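Using the working numbering, you'd call the opening residue of the sequence shown number 24 and step up by one each time. Structure, as C-alpha cells:
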Amino acid sequence: MENIWKETLNLISSQVNQQCFNTWFKPTSQLKYNPEQNVLQVETPNSYFESWLKENHMNLIEDTIWKITNNPSLKIEFVSSSNNKDLATEEQKTSQTETNRTSSHLGTYPKYLNPNYTFGNFVVGSSNQLANAAALSVSEQPGKRYNPLFIYGGTGLGKTHLIHAIGNKAFTLNPNLNIYYLSTENFVNDLVASIRFNKMEEFRNRYRRSDILLIDDIQFIGGKTKSMEEFFFTFNDLYNSNKQIVMTSDRPPREILNLEERLRSRFEWGLMVDIQEPELETKIAIMKKKAELWNINISDEVAMYMANNLGPSVRDLEGALKKVSAFAQLAETPISFSLVEEVLKGQIKPKDKMVTIDEIQKVVAEKYNIRVNDLKSKSRRRELVIPRQIAMYISKILTNDSLQQIGRKFGNKDHTTVIHSIKKVEEGKVKDPILFRVIEELKDQLT
Ligand code: ADP
Ligand code: MG
C-alpha cells in the first residue's frame, strides 16, 4: 500500500461536501509513509490547513485511515510545504469563519450549515408564510412543538434556505445544541461506507447524538431499502428522546415513490407545511432583497419586469439577476429594460399557448362592449382606461412581447405607461375579487 493518503482522500470525498473537499483536502498529498516508525506524513500548502484539518476533520481522517490500513495506531503528521505559513487564501478564511460558527460544538462531525441562509434573509409572503412560521417556532423550541417538521414544495422555492435557517437560529439561541444538517444523499453515502467498513455502530451513534437533525431532500430515500430501515431506527430514537427532526422534500410523503409505509406515517406525525410558488409581490421583494445583499442596483420597474417574466423558481430569479448584473458591469451600463430583455432572451418563461396582442384586444373589447380602437386611443374615460389597462396587463402575462412592443400596439404608448397599467391591475386584482375573476376568465378564454 504505497499511497494511503490518496485512498483516504478518495473515501473522504464522498463523506464531505464538494466545496469543503476541494478547499481543504484536495490540495494535500502524501509526503512519506514510514511503516517502521508507524508514521504517515501528509503535505499541506500551509499551516492553516493543518490546524483546520485537525480542528474540524481529524476524526474523519483517523477513521478513514484506520478503515484503509486496519492500523489504529498509525500516526499522522502534517508538513507544511510553504514558508508563508499563515497566508491562507481568502476562500479558506471565509470558509473557516463560516464553518466555525457551527462546528465549535460538533465534536466529531462536520455539519454544513450555511450561515447565509438565515430567517433575516428569507422574504416572507403568503406562499411561504406558514412554512416560515413553523420553521421559526421549531428553531426556538426544538423537539417541543412540531416534531417532525416536514417542509415540502417545488424546486428552488426555499426549502434548503429554511432548513438551514432553523439550524442557524437554534444555534444562536443555544450553541450547546448538537445540530446536524445533511442531505439525504450524504446519509445514504454515509450508510453505504459504514456498512462496507463495518462501522455501523459509529454510524448509528453519529446520528443519534443530534439534538436537531436537519435532513434535506428526504424524497431521495424512497426505494433505498437499507437506508429507509436505518433512517427508521434513527427517527424513532430521536423522536422518543424528544429530539427535533426536520425534513424537506420536493413532494408530500404520500407522493414519495417506494417509501415504506411506516416511514410515511412517521413523516406525517408532526407538522407538514408546503411552500408554494411565490406570487408576484413576493418575487419582487425577493429580487430586491437579493439585489441589496449583492450590492446590485436595480429599479423597481426592472425588478418587477423580471419577476413577471421569469418562472416561479427563486433559484432561477437569482441566476437571472446575477447574469443581468454581470452583463451590466461588463457593458458599464445601468440595468435597463433593454439590457434585461437582451440578456434573458430565451429564458422568458414558456407560455402554454402563444396568444397575440390582437387577439387579446379583441377579447377584452368584446367583454367590455367597446371597440378595439378604443383600447388604442388616448381617451382617459374610465370605462376605456380600465379595459385598456387590463388588456395591457394580459398582454404582458400571455405574450412574450416586450413592454415597448405592447406600448406600440396600444396606439404608440410609452413603455412606462404600460408598466403603470400593469401595476394598477396587479394592485387592483389584490383588492378587488371581481376584477381578479374577470382577469382569470379572460385569460382562460384566451389560452
Ligand atoms: P429548494 O431547496 O426549495 O430547492 P433553496 O432553498 O435552495 O430551494 O432556494 C434557492 C435559492 O433561492 C436560494 O439561494 C435561496 O436563498 C433563495 N430563496 C428561496 N426562497 C427565498 C425567500 N423567500 N427569500 C429569500 N431567498 C429565497
Ligand atoms: Mg434544496
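Note that beta-carbon positions come from the ideal geometry of N, C-alpha and C, so glycine has one too. The model shown is predicted, which means the values in this text are computed figures rather than measured ones.
Counting only residues of its own chain and dropping the five nearest sequence neighbours on each side, Asp437 has a CB closer than 8 Å to the CB of Gly430. Following the DSSP letters along the chain, one finds Phe173 inside the beta strand (DSSP E) bounded by residues Leu172 to Gly176. Residues of the same chain with a CB within less than 7 Å of the CB of Asn26, apart from the 5 flanking positions on each side, are Gln53 in chain order.
For Gln267, the beta-bridge partners assigned by DSSP are Ile235. The shortest CA-to-CA distance from Ser162 to any of Leu180, Ser150 and Asn201 is the one to Asn201. Around the beta carbon of Ser37, fewer than 16 other beta carbons lie within 10 angstroms, which makes this residue exposed. Taking 7 Å as the cut-off, the beta carbon of Ala308 is found no closer than this to the beta carbon of Val448. Met81 sits exposed, since fewer than 16 C-beta atoms from the chains shown fall within 10 Å of its C-beta.
Relative to the ligand ADP, the beta carbon of Leu180 is positioned inside 6 Å of a heavy atom. Here Leu76 is not near Ile99, since their CB atoms are 7 Å or more apart. The count of Cβ pairs closer than 8 Å, one atom from the segment 241-259 and one from the segment 188-205, stays below three, leaving the stretches out of contact.
Take Asp339, set aside five residues on each side of it, and the residues of its chain with a beta-carbon closer than 7 Å to its own are Gly179 and Leu333, in chain order.
Under DSSP, Ser272 forms a beta bridge with Tyr175.
Distance from the Cα of Ala414 is smallest, within the candidate group Asn423, Val386, Thr31 and Lys401, for Val386. Per DSSP, reduced to three states, the secondary structure at Lys436 is coil, with no helix or strand assignment. If the five residues before and after Gln384 are omitted, its C-beta is found closer than 6 Å to the C-beta atoms of Val395, Leu398 and Ala414, all from its own chain and listed in chain order.
With three or more CB-CB distances shorter than 8 Å, the segment 295-310 counts as touching the segment 165-175.
Judged by DSSP in its simplified three-state form, Ser425 adopts coil rather than helix or strand. Taking the C-beta atoms as reference points, Lys182 is found nearer than 7 Å to Thr271. For Asp297, DSSP records a beta bridge to Tyr175. With contact defined as three or more Cβ pairs closer than 8 Å, the segment 80-94 and the segment 212-231 are in contact. With a cut-off of 6 Å, the C-beta of Thr183 is classified as near the ligand ADP, since at least one heavy atom of the ligand falls inside that distance. In the DSSP annotation of this structure, Ser206 is not part of any alpha helix (DSSP H); the continuous beta strand (DSSP E) holding it starts and ends at Ile202 to Ser206.
Between the ligand ADP and Phe290, a heavy atom-to-CB distance of less than 6 Å is absent.
Counted as a single uninterrupted DSSP element, the stretch harbouring Leu54 is not any alpha helix (DSSP H) but the beta strand (DSSP E) occupying residues Ser52 to Asn57. With respect to the 7 Å criterion, Leu469 and Val378 are classified as neighbours on the basis of their beta carbons. The continuous stretches of beta strand (DSSP E) do not include Leu282, and DSSP gives it neither H nor E. CA-CA distance, Asp424 to Glu364, rounds to 10 Å. DSSP, reduced to helix, strand and coil, places Val461 within a helical segment of the structure shown.
Phe194 sits buried, since 16 or more C-beta atoms from the chains shown fall within 10 Å of its C-beta.
Going by beta carbons, Ser150 and Ser103 fall outside the 7 Å limit. Per the C-alpha coordinates, the member of Arg411, Asp381, Val215 and Glu382 positioned closest to Ile393 is Arg411.
Taken through DSSP and simplified to helix, strand or coil, Thr356 comes out as coil. In the three-state scheme derived from DSSP, where H, G and I count as helix and E and B as strand, Thr248 is classed as helix.
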